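Q: Handing you a structure now.
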Amino acid sequence: MKKIWYFALAALVCSCAGNGNGFQIDGRSDCLEGKLYLVGPDGVMDSCVVKDGKFSFKGTIDIPERATIMDAPTRAKTSLRIPLYVEPGRISFVEKDEEFIISGTPSNDAQEKFYNESAAIEEAFNNAMLSEAQQDSIYESYYELEKNTMLANKDNIFGLYMLLNLSYDEVYVGQELIDQLNDFPESIQKSSGWKQVMDMAQLAVKTGVGQPYIDFTQADPDGNMISLKSVVEKEGNKYVLLDFWASWCGPCMGEVPFLVEDYAKYHPKGFEIFGTSLDRDADAWKECIVKNEMNWVHVSDVKYWDNAAAALYGIKSIPQNVLIDCKTGKIVGKNLRGKAVSSKLA
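Numbering (our numbering), first residue to last: -17 to 328.
Set out below in structure tokens:
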């Protein structure tokens, strides 16, 4: 079962104190050393030096934010990333059993509670021979825990990031996601995280089923500039699958055999694929196309997650796709995986 993306480094825990909008993070660790930086959405919030295994960050914060402890002032240069929630209060940071335990404020406490409860679900998923029905049941219990945790924490920043995770799992999308976001208090709605999720939700509505496709132009493997519009409006084409993928993406490559089969079956009847790659290595992208006999239209700006087309469609994870009806220019399907493309075309 997949780990939640914002729990990447460790189990996190908390306890509570403080006054006004001041915060203090008191840390103790045997593995951290040198200078550390507390980096928030707008840059470095504070820095300190680890001395005798101890360190401390201090400051004020009017709007709670998610931040990261790093060993360099920028994300591009750091080799250390420890996420936590910065909000008024006193936060304790302790290394224990090769994990970083963070405690002291409502958001961090809520995260730890969720981590402990979800760990039991993950263990059940990973440590047993499960039927497909049993796997589905465990997934449902996991999503139910996520939803209940999010609803119970709408007064703190952790609840917002739990909602973000639910949106990635497509439990809440489009207008449903917007409605949930609007339930958060004004203090959370002022955070950069809330604004980012709202932008993503509004874009999902704009690129949802029933909406017109958004045109863009990128280069094919030979350097020729090709627009999505030119393919959608090409005579003979009836449906175009806008497919976001990358050669380095395992799940994307797992979809390729299905797409190859669908293309062979339906291309003569007017089906085209407009593969848009989030690769950053042009050679790897081109080699993958040839090796896997992906004989459809391919484009990329070779900018990894900064792909301009991905931004237009609000793509935050891959594989993802959009099925376009060439006659109407409208989106008629989204995120069709496995045999779903074939079923939709049939």
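We put the beta carbon where it would ideally sit given N, CA and C, even for glycine.
Bear in mind the structure is a predicted one, so any value in this text is a computation, not a measurement.
Grab me the residues of residue 167's own chain with a C-beta within less than 7 angstroms of its C-beta, minus the 5 sequence neighbours each way, in chain order.
A: Here the set comprises 137.
Q: For residue 279 versus residue 257, is the C-beta distance shorter than 8 angstroms?
A: Yes, the pair counts as a contact, with Cβ atoms nearer than the cut-off.
Q: As a quick exercise: from 204, 311 and 193, pick the residue whose alpha carbon is nearest that of residue 272.
A: For the residues 204, 311 and 193, the minimum Cα distance to residue 272 belongs to 204.
Q: Starting from the C-beta of residue 48, find all residues in its chain whose C-beta is less than 7 angstroms away, skip the five residues before and the five after it, and write them out in chain order.
A: Cβ within range, chain order: 65, 67, 139, 143 and 175.
Q: For the alpha helix (DSSP H) containing residue 139, name the first residue and the last one.
A: From DSSP, the alpha helix (DSSP H) with residue 139 extends over 139 to 150.
Q: Quick one: grab the DSSP three-state call for residue 119.
A: In the structure shown, residue 119 sits in a helix (DSSP, three-state: H, G or I).
Q: Cβ of residue 206 within 8 angstroms of Cβ of residue 254?
A: Result no, Cβ atoms of residue 206 and residue 254 do not sit closer than 8 angstroms.
Q: Which two residues bound the contiguous alpha helix (DSSP H) that contains residue 244?
A: Its alpha helix (DSSP H) spans residues 232 to 248.
Q: Helix or strand or just coil, what does DSSP make of residue 172?
A: Reduced to three states, the DSSP call for residue 172 is coil.
Q: Opposite residue 199 in the DSSP bridges: which residues?
A: Bridge partners of residue 199: 209.
Q: From which residue to which residue does the alpha helix (DSSP H) around residue 107 run?
A: Here the alpha helix (DSSP H) through residue 107 covers 88 to 108.
Q: Assuming residue 273 is part of the alpha helix (DSSP H), what are its boundary residues?
A: That run of the alpha helix (DSSP H) goes 264 to 273.
Q: Whole angstroms is fine: what's the gap from residue 331's alpha carbon to residue 177's?
A: The requested residue 331 is not part of the displayed model; the chain covers only -17 to 328.
Q: Quick check: the Cα distance between residue 325 and residue 267, rounded to an integer number of angstroms?
A: Those two C-alpha atoms are separated by around 28 angstroms.
Q: Can residue 13 and residue 77 be called in contact, C-beta distance under 8 angstroms?
A: Their beta carbons are under 8 angstroms apart, which means residue 13 touches residue 77 by this criterion.
Q: Measure the beta-carbon distance from residue 3 to residue 43 and round it to whole angstroms, keeping in mind my assumption that it falls under 8 angstroms.
A: Yes, they are in contact, since the Cβ atoms of residue 3 and residue 43 sit about 6 angstroms apart, within 8 angstroms.
Q: Which residue wins for smallest C-alpha separation from residue 122, given the options 151, 181 and 309?
A: The option with the nearest alpha carbon to residue 122 is 151.
Q: Can the beta-carbon of residue 189 be found less than 8 angstroms from the beta-carbon of residue 300?
A: No.
Q: Could you tell me the distance, in whole angstroms, from the CA atom of residue 261 to the CA atom of residue 58?
A: Each residue's alpha carbon lies about 18 angstroms from the other.
Q: Quick one: what does DSSP say residue 28 is sitting in, helix, strand or coil?
A: Looking at residue 28 - three-state DSSP - the assignment turns out to be strand.
Q: Let's test the definition: count the other Cβ atoms within 10 Å of the Cβ of residue 133 and tell me whether it reaches 16, buried, or not, exposed.
A: Classification of residue 133: exposed, given that the 10 Å Cβ count is below 16.
Q: For residue 276, which option in 244, 182 and 287 has the closest C-alpha, if you only look at C-alpha atoms?
A: Of the listed residues, the one whose Cα sits closest to residue 276 is 244.
Q: Work out the CA separation of residue 191 and residue 145 for me, nearest whole Å.
A: Those two C-alpha atoms are separated by around 22 angstroms.
Q: Determine the direct distance from the alpha carbon of residue 131 to that of residue 153, and round the result to whole angstroms.
A: Cα-Cα distance, rounded: 14 angstroms.
Q: Could you give the first and the last residue of the continuous beta strand (DSSP E) run that contains residue 259?
A: Segment 253 to 259, the beta strand (DSSP E) holding residue 259.
Q: Going by DSSP, what residue range makes up the beta strand (DSSP E) through residue 315?
A: First-last of the beta strand (DSSP E) with residue 315: 312 to 316.
Q: If distances are taken between C-alpha atoms only, which option among 46, 69, 305 and 27 comes closest to residue 52?
A: When only C-alpha atoms are compared, the closest one is 27.
Q: Determine the direct distance from the alpha carbon of residue 70 to that of residue 322, and round the result to whole angstroms.
A: Cα to Cα, the separation comes out at about 48 angstroms.
Q: Would you decide whether residue 93 is buried or exposed? Buried here means 16 or more other CB atoms lie within 10 Å of its CB.
A: So residue 93 counts as buried.
Q: If contacts are defined as beta-carbon pairs under 8 angstroms, then residue 41 and residue 185 qualify, I think. What distance do you get, rounded to the angstrom?
A: With 8 angstroms as the limit, residue 41 and residue 185 do not qualify as a contact, their Cβ atoms being about 33 angstroms apart.
Q: Specify the secondary structure class of residue 309 as computed by DSSP and reduced to three states.
A: DSSP places residue 309 in coil when its eight states are reduced to three.
Q: If you reduce the DSSP assignment to three classes, tell me which class residue 180 lands in.
A: Residue 180: helix per DSSP, three-state reduction.
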